[in-house]
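Here's the structure we're looking at; comments come further down.
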Amino acid sequence: MQGSNASGRAGEQVFIELTYDYGDGFEIMVEDFVIEYSKLVLNFLPDASTIDTFGSQQSLTDYAQLLKSFAQGNGGNMLENPTPAGLAADLGGYRMSFFTDGRAGQMRRGQVHLRAAFEIKADAAPGDYRISFGGDNVLADINESEYTYPAALQDMRITVLSAVPEPAMALLLLPGLALVGWQVKRRRS
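Each residue of the sequence shown is one higher than the last, beginning at 45 in this note's numbering.
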């Protein structure tokens, strides 16, 4: 599994990207998917998040409905919770839990690509903020083998950039300002 960090300014939408390779495939009967993030700085946007699986791209919300239909047709259920319990006071979360009765699984094969969308709140202070696809994330197949997400996904980051130009950028602006000043002075004389 691979993941990417993201950066943006207050008020912008950014994406954390994950790619997972299921290889030759297996039939999944349980999936527990949890995202944790700093709710003081970020909002998770499931409708703007996309997942490429089963040969097509769809919103995370549509994917959840697909899982729910499959699970209910196979003696199980799918629960989607935008505010999971048990998180620290400064954390927000999103949880999607899918399970069947164990007699039928959903085939997973090849690569899956997730683009998790976050909005950086307007009053967000510059800095690095942790995004975690933590230890609660698990897949189990019909043979009762469990697969967990790698530890590297427990410490991904969204960097909120400063609205004020960085010193190196400000130095690039100085020659332009000098040129404008020279033009104004030249017109006056």
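Beta carbons: idealized from backbone N, C-alpha and C, even for Gly.
Query                                                                                                                  : Result
Validate contact between the region 161 to 174 and the region 95 to 102 using beta carbons, cut 8 angstroms, 3 pairs   : no
Same chain, Cβ closer than 7 angstroms to ASP145, neighbours up to 5 away in sequence not counted                      : ASN118, GLY119 and GLY120
Neighbourhood of ALA92 by C-beta, 6 angstroms cutoff - its chain only, sequence neighbours within 5 removed            : ALA161
Closest residue to ALA115 among VAL74, LEU135 and ARG152 (Cα-Cα distance)                                              : VAL74
Pair within 9 angstroms by beta-carbon distance, GLU56 and SER48                                                       : no
Sequence-distant residues of the same chain with beta carbon closer than 6 angstroms to GLY136, five excluded per side : TYR81 and LYS83
Under the three-state DSSP convention, the category ALA166 falls into                                                  : coil
Inter-residue CB distance, ALA54 and ALA148 (contact presumed, cutoff 8 angstroms)                                     : Not confirmed; about 46 angstroms, so no contact.
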